[in-house]
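Participant: Chains as they are written, first to last, in full-length UniProt numbering: chain A, 1 to 296; chain B, 1 to 283. From the three backbone atoms N, C-alpha and C, an ideal C-beta is built for every residue, glycine too.
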Amino acid sequence: MSVDRPAVEARNVHKAYGEDGVLDGIDLTVAENEVLLLMGPNGTGKTVLLSCLAGGTEPSEGSVSVFGTPVSEDGGRSLSLLLQGGASVDTLSGRETAAFYSRLHPEFTDRWRTYVDDLGIDGDLDKRIKYYSEGMKRKLELSLALSVDAPLYLLDEPTAGVDLSMVQSFHRVIRDRVADGGTVVATSHRPVDADLADRVAFVNGGGVLAVDTPEALLDGVPTVVRVVGQATAGDALAPHVVGDPFYHGDERRGFLREHATLADIREHAGDATVETVEPSYTDAFNYYVHAAADNE
Amino acid sequence: MSIETRGGPPLGRLLEQTTAFAVRTLQTLRRNSAVAFWAVAFPAMFYLLSVSLFIDTGGMPAEVVSAVKATHAVSYGAFAALTVFLSTFSQSLVADVERGRYRQFRALPVSPAADFLGRFAAAYLFAVAAVLAVLGVGAATGAAFTLRSAASIPVALLGLLALGLFAASIAVVLVAVVPDAKFASIVAVSVVMLAFFLTGYNGIQPGMLAGAADFVNVVPNALATRLAVHHLVAAGGWTQAGLAPPGAPTSTGHVALLAGYAVAGLTLAVAATRRSLYGGAVR
Numbered sequence: 001m002s003v004d005r006p007a008v009e010a011r012n013v014h015k016a017y018g019e020d021g022v023l024d025g026i027d028l029t030v031a032e033n034e035v036l037l038l039m040g041p042n043g044t045g046k047t048v049l050l051s052c053l054a055g056g057t058e059p060s061e062g063s064v065s066v067f068g069t070p071v072s073e074d075g076g077r078s079l080s081l082l083l084q085g086g087a088s089v090d091t092l093s094g095r096e097t098a099a100f101y102s103r104l105h106p107e108f109t110d111r112w113r114t115y116v117d118d119l120g121i122d123g124d125l126d127k128r129i130k131y132y133s134e135g136m137k138r139k140l141e142l143s144l145a146l147s148v149d150a151p152l153y154l155l156d157e158p159t160a161g162v163d164l165s166m167v168q169s170f171h172r173v174i175r176d177r178v179a180d181g182g183t184v185v186a187t188s189h190r191p192v193d194a195d196l197a198d199r200v201a202f203v204n205g206g207g208v209l210a211v212d213t214p215e216a217l218l219d220g221v222p223t224v225v226r227v228v229g230q231a232t233a234g235d236a237l238a239p240h241v242v243g244d245p246f247y248h249g250d251e252r253r254g255f256l257r258e259h260a261t262l263a264d265i266r267e268h269a270g271d272a273t274v275e276t277v278e279p280s281y282t283d284a285f286n287y288y289v290h291a292a293a294d295n296e
Numbered sequence: 001m002s003i004e005t006r007g008g009p010p011l012g013r014l015l016e017q018t019t020a021f022a023v024r025t026l027q028t029l030r031r032n033s034a035v036a037f038w039a040v041a042f043p044a045m046f047y048l049l050s051v052s053l054f055i056d057t058g059g060m061p062a063e064v065v066s067a068v069k070a071t072h073a074v075s076y077g078a079f080a081a082l083t084v085f086l087s088t089f090s091q092s093l094v095a096d097v098e099r100g101r102y103r104q105f106r107a108l109p110v111s112p113a114a115d116f117l118g119r120f121a122a123a124y125l126f127a128v129a130a131v132l133a134v135l136g137v138g139a140a141t142g143a144a145f146t147l148r149s150a151a152s153i154p155v156a157l158l159g160l161l162a163l164g165l166f167a168a169s170i171a172v173v174l175v176a177v178v179p180d181a182k183f184a185s186i187v188a189v190s191v192v193m194l195a196f197f198l199t200g201y202n203g204i205q206p207g208m209l210a211g212a213a214d215f216v217n218v219v220p221n222a223l224a225t226r227l228a229v230h231h232l233v234a235a236g237g238w239t240q241a242g243l244a245p246p247g248a249p250t251s252t253g254h255v256a257l258l259a260g261y262a263v264a265g266l267t268l269a270v271a272a273t274r275r276s277l278y279g280g281a282v283r
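1. Taking only three categories from DSSP, how would you classify L28 (chain A)?
2. Going by C-alpha to C-alpha distance, which of A:E19, A:G18, A:S60, A:G25 sits closest to R11 (chain A)?
3. With a cut-off of 9 Å, does the C-beta of T28 (chain B) fall near any C-beta of chain A?
4. Please list, in chain order, the chain B residues whose beta carbon lies closer than 9 Å to that of E96 (chain A).
5. List, in chain order, every chain A residue whose beta-carbon is nearer than 8 Å to that of E63 (chain B).
6. Hey, does F105 (chain B) have any beta-carbon neighbour from chain A nearer than 9 Å?
7. Go ahead and pull the three-state DSSP assignment for E63 (chain B).
8. Which residues share a DSSP beta bridge with T187 (chain A)?
9. Kindly indicate which three-state DSSP category G62 (chain A) falls into: helix, strand or coil?
10. My parser needs the alpha helix (DSSP H) runs of 4 or more residues fully inside the segment 109-193 of chain B; what are they?
11. Which chain A residues are close to T267 (chain B), counting only those with a beta carbon under 7 Å from its beta carbon?
12. Kindly list, in the order they appear in chain A, the residues whose Cβ is closer than 8 Å to that of Q17 (chain B).
13. Answer yes or no: do A181 (chain B) and L86 (chain B) have a C-beta to C-beta separation smaller than 9 Å?
14. Kindly indicate if chain A contains any beta-carbon less than 9 Å away from that of N202 (chain B).
15. Where in the segment 189-229 of chain A do unbroken runs of the beta strand (DSSP E), each at least 3 residues long, occur, reported from the N-terminal end onward?
16. I174 (chain A) to L125 (chain B), Cα distance in whole Å?
17. At a Cβ threshold of 9 Å, is P112 (chain B) touching chain A?
18. Counting only beta-carbon separations shorter than 9 Å, does A39 (chain B) have a partner in chain A?
19. Looking at chain B, is there any beta carbon in it that lies within less than 9 Å of the beta carbon of T91 (chain A)?
20. Helix, strand or coil for V263 (chain B), going by three-state DSSP, please let me know.
21. Using 10 angstroms around the beta-carbon of N202 (chain B), count the other beta-carbons present and answer buried if the total reaches 16, otherwise exposed.
22. Mind checking R77 (chain A): buried by the 16 CB within 10 Å criterion, or exposed?
23. Per DSSP, what kind of secondary structure is K127 (chain A) in: helix, strand or coil?
24. Determine whether the Cβ of N217 (chain B) lies closer than 9 Å to any Cβ atom of chain A.
25. Compare the C-alpha of A201 (chain A) against each of A:P214, A:R190, A:D195, A:A160 and name the closest.
26. Quick one: what's got a C-beta closer than 7 Å to W238 (chain B)'s C-beta in the same chain, skipping five residues either side?
27. Along the beta strand (DSSP E) that carries H14 (chain A), what are the first and last residues, could you check?
28. Could you tell me which of A:H14, A:G62, A:A291, A:F170 sits nearest to T114 (chain A), measuring between CA atoms?
29. At a CB-CB cut-off below 8 Å, which residues of chain B make contact with S51 (chain A)?
30. Would S99 (chain A) pass as an interface residue toward chain B - the criterion being a Cβ-Cβ separation below 9 Å?
31. Leaving out five residues on either side along the sequence, give the residues of the same chain with a beta carbon under 7 Å from the beta carbon of G40 (chain A).
32. Examine chain B for any beta-carbon lying closer than 9 Å to the beta-carbon of L79 (chain A), and answer yes or no.
33. Hey, does G207 (chain A) have any beta-carbon neighbour from chain B nearer than 9 Å?
34. According to the Cβ coordinates, are L198 (chain B) and A70 (chain B) closer than 9 Å?
35. Could you give the DSSP three-state label for P43 (chain B): helix, strand or coil?
36. Cα-Cα, which of B:G242, B:R24, B:V192 is closest to T91 (chain A)?
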């Protein structure tokens with residue numbers, strides 16, 4: 001595989017179902033052997049985008065290539081796709097599901113046995129999937145998707161429904177494929193998944209809003225201000241922050257406008273605590289998805 | 001990392017993928033109690049009701065009664081098979097369409113032909129079991145089956161194969177063209193019932209049809225059923241048994257017609273699977 005050829009290249013990808021547009025001109029380039037995390041609000045077409053990248057859904061317009069070949073011509077040989085619920089049939093057991101997929105893909109390996117052991121469902125393989133929790137289904141589906149010896153893995157919310165104690169185990173098995181030269185594109189709502197990523201892309205249906213390393217994206221977030229302690233004090237934020245203030249637990253947060261100061265906010269915040277905090281990935285998500293456009 | 005496939009030759013991979021779909025379909029079918037009821041129990045009960053309530057055997061000689069029951073058992077066996085090939089087959093596709101699994105399959109190097117052939121192989125085995133169950137109920141209630149020759153069972157099975165390929169192709173097309181996939185199953189059930197009644201119980205009672213009944217030796221469900229009756233039931237004179245006119249469909253032309261249904265069904269089904277399910281026309 002050429003080192004200067006992107007693993008994935010999507011250009012001007014549109015997807016509409018009848019009158020309903022889901023993707024509106026997505027451009028995305030994924031380098032070989034990187035982990036790119038796609039983050040965005042619910043219902044903005046992340047799964048559809050991933051399916052387009054995999055060749056599972058045909059774009060209405062635009063092009064997708066994997067390792068320089070149009071994905072429609074690749075025919076799924078260079079990639080492995082995980083879609084939530086895509087592999088699970090309620091009346092089959094985990095072992096039967098694995099047997100099915102092992103026959104479908106010529107590059108399927110026995111690695112799934114190691115992964116189900118690592119993820120703690122090796123003792124549940126003979127149960128029917130209708131008795132699995134959502135987290136157990138994700139474990140099985142991830143194990144099967146990563147068992148394909150493909151250079152590209154496209155994973156739709158691999159950690160959805162998984163308890164926090166298991167997330168690092170998920171990251172570990174995904175990194176195992178990256179260490180072997182694989183490229184990973186994953187969608188997620190969970191800030192903790194940013195730990196896995198070389199780059200994070202914030203997307204909505206209209207396009208990629210920002211894409212960079214997690215550190216650079218955090219650096220690009222304006223000063224984060226939080227207001228704690230008085231229910232109405234959040235209103236004091238509004239005139240001085242980019243976009244709308246948002247809830248972060250019980251507190252209100254916002255991104256300080258250029259030339260605005262904490263004193264401006266404290267003046268109208270009464271007894272509430274007003275202070276700056278280091279931006280989290282949740283802050284970065286809120287900024288790039290909901291507020292950055294107002295800061296241009 | 002290599003992206004060269006290490007799978008065998010295309011035919012080997014096709015067989016492996018066909019086996020995958022066949023095994024998966026059999027596993028899901030045999031665990032579905034609704035399928036077992038509608039494809040096996042319902043036709044058997046339908047047969048029992050018919051021979052108990054609708055056929056007056058009072059004045060018939062014993063050997064005629066056993067032949068009449070056998071003829072009806074074959075007819076209801078064909079009904080069971082049609083239920084499997086049309087209704088059950090479409091339900092199996094609809095389940096995968098509605099759960100979005102075709103987005104997954106399209107992203108795999110899967111042959112659409114393997115998808116159809118695997119599902120069909122499972123449906124065929126299931127249909128054979130359903131037919132045997134109805135024939136077994138018939139035998140238990142006095143139906144007498146007589147093989148016309150050593151070729152009778154293979155001929156009946158080939159007739160069932162032709163009927164199945166044709167019916168399954170309709171199931172695939174229904175899933176492809178009916179806008180909401182789940183309604184395809186309802187349409188499929190309606191087609192089974194219409195095919196059964198509009199052809200005089202799959203062609204075994206042409207006399208109940210108002211107009212000329214020659215078409216029962218042409219339409220696939222009646223043609224396959226009447227060919228099976230010819231080979232499995234010693235019905236004596238077909239006119240006395242109510243099976244004629246028209247006569248038994250035993251000419252080369254009738255066999256060629258069944259073969260044509262099989263080829264057309266297979267071609268249509270694979271094309272519809274490729275275009276609609278793997279081409280992305282069905283969401």
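Facilitator: The answer reads as follows:
1. Counting from 1 along the first sequence, the entry for residue 28 (chain A) is found at position 28. Strand at L28 (chain A).
2. For the purposes of this step, residue 11 (chain A) is taken as the residue at position 11 of the first sequence. Of the candidates A:E19, A:G18, A:S60, A:G25, the residue whose Cα lies closest to the Cα of R11 (chain A) is A:G25.
3. As a first step, residue 28 (chain B) is located in the second sequence; it is residue number 28 there, counting from the start. Judged by the 9 Å Cβ criterion, T28 (chain B) is in contact with chain A.
4. Here the question's residue 96 (chain A) lines up with position 96 in the first sequence. Residues of chain B passing the Cβ test: V23, R24, Q27.
5. Counting from one through the second sequence, the residue named residue 63 (chain B) turns up at place 63. At a beta-carbon threshold of 8 Å, none of the residues of chain A lie near E63 (chain B); the nearest stands roughly 46 Å away.
6. Working through the second sequence from its first residue, we reach residue 105 (chain B) at position 105. With 9 Å as the cut-off, F105 (chain B) counts as an interface residue toward chain A.
7. Position 63 of the second sequence, counted from the start, is the residue given in the question as residue 63 (chain B). E63 (chain B) falls in the helix class under three-state DSSP.
8. In the first sequence, counting from the first residue as 1, residue 187 (chain A) sits at position 187. Beta-bridge partners assigned by DSSP to T187 (chain A): A:L38.
9. Mapped onto the first sequence, residue 62 (chain A) falls at position 62. If DSSP states are grouped into helix, strand and coil, G62 (chain A) belongs with the strands.
10. Counting whole runs of 4 or more residues, the segment 109-193 of chain B contains the alpha helix (DSSP H) stretches 112-140, 152-177.
11. As a first step, residue 267 (chain B) is located in the second sequence; it is residue number 267 there, counting from the start. Chain A residues near T267 (chain B): none, gap ~22 Å exceeds 7 Å.
12. In the second sequence, the residue the question calls residue 17 (chain B) occupies position 17. Neighbours of Q17 (chain B) on chain A, chain order: R103, L104.
13. What you label residue 181 (chain B) is simply residue 181 of the second sequence in a count that begins at 1. What you label residue 86 (chain B) is simply residue 86 of the second sequence in a count that begins at 1. Going by C-beta atoms, A181 (chain B) is not nearer than 9 Å to L86 (chain B).
14. For this step, residue 202 (chain B) is matched to residue 202 along the second sequence. Among the CB atoms of chain A, none fall inside 9 Å of the CB of N202 (chain B).
15. Segments of the beta strand (DSSP E) lying fully in the segment 189-229 of chain A: 199-204, 207-212, 224-228.
16. Translated into positions along the first sequence, residue 174 (chain A) becomes position 174. Translated into positions along the second sequence, residue 125 (chain B) becomes position 125. Cα-Cα distance, rounded: 41 Å.
17. Here residue 112 (chain B) corresponds to residue number 112 of the second sequence, with the count starting at 1. No, P112 (chain B) lies away from the interface with chain A (no Cβ there is under 9 Å from its Cβ).
18. Position 39 of the second sequence, counting from 1, holds the residue named residue 39 (chain B). Not one chain A Cβ lies under 9 Å of A39 (chain B).
19. As a working mapping, residue 91 (chain A) is identified with position 91 in the first sequence. With 9 Å as the cut-off, T91 (chain A) counts as an interface residue toward chain B.
20. Looking up residue 263 (chain B) in the second sequence gives position 263. Helix, per DSSP.
21. Residue 202 (chain B) sits at position 202 when you count from the first residue of the second sequence. Burial check for N202 (chain B): the Cβ neighbour count within 10 Å reaches 16 or more, so the residue is buried.
22. The count along the first sequence starts at 1 and reaches residue 77 (chain A) at position 77. So R77 (chain A) ends up on the buried side.
23. By 1-based counting over the first sequence, the position of residue 127 (chain A) is 127. The answer is coil: DSSP assigns K127 (chain A) none of H, G, I, E or B.
24. Reading the second sequence from its first residue, position 217 is the one you call residue 217 (chain B). So, not an interface residue.
25. Start at 1 with the first residue of the first sequence, and residue 201 (chain A) comes out as number 201. Restricting attention to A:P214, A:R190, A:D195, A:A160, the CA atom closest to the CA of A201 (chain A) is found in A:P214.
26. The residue you call residue 238 (chain B) lines up with position 238 of the second sequence. The residues are A244, G247, A248.
27. Taking the first residue of the first sequence as 1, we reach residue 14 (chain A) at position 14. Note, H14 (chain A): beta strand (DSSP E), 8-17.
28. Along the first sequence, one-based indexing puts residue 114 (chain A) at 114. Of the candidates A:H14, A:G62, A:A291, A:F170, the one whose C-alpha sits nearest the C-alpha of T114 (chain A) is A:F170.
29. Taking the first residue of the first sequence as 1, we reach residue 51 (chain A) at position 51. R103, A107, listed in chain order.
30. Residue 99 (chain A) sits at position 99 when you count from the first residue of the first sequence. Note that residue 99 (chain A) is Ala in the sequence shown, not Ser. Yes, A99 (chain A) counts as interfacial toward chain B.
31. As a first step, residue 40 (chain A) is located in the first sequence; it is residue number 40 there, counting from the start. Taken in chain order, the residues that qualify are K46, F202, V203, N204, V289.
32. Working through the first sequence from its first residue, we reach residue 79 (chain A) at position 79. L79 (chain A) counts as touching chain B.
33. On the first sequence, residue 207 (chain A) is found 207 positions in, with the first residue counted as 1. Taking Cβ atoms only, chain B never reaches closer than 9 Å to G207 (chain A), which makes this a no.
34. What you label residue 198 (chain B) is simply residue 198 of the second sequence in a count that begins at 1. What you label residue 70 (chain B) is simply residue 70 of the second sequence in a count that begins at 1. Taking the C-beta atoms as reference points, A70 (chain B) is found no nearer than 9 Å to L198 (chain B).
35. The count along the second sequence starts at 1 and reaches residue 43 (chain B) at position 43. Here P43 (chain B) sits in helix by DSSP.
36. Mapped onto the first sequence, residue 91 (chain A) falls at position 91. Of B:G242, B:R24, B:V192, the residue nearest in Cα terms is B:R24.
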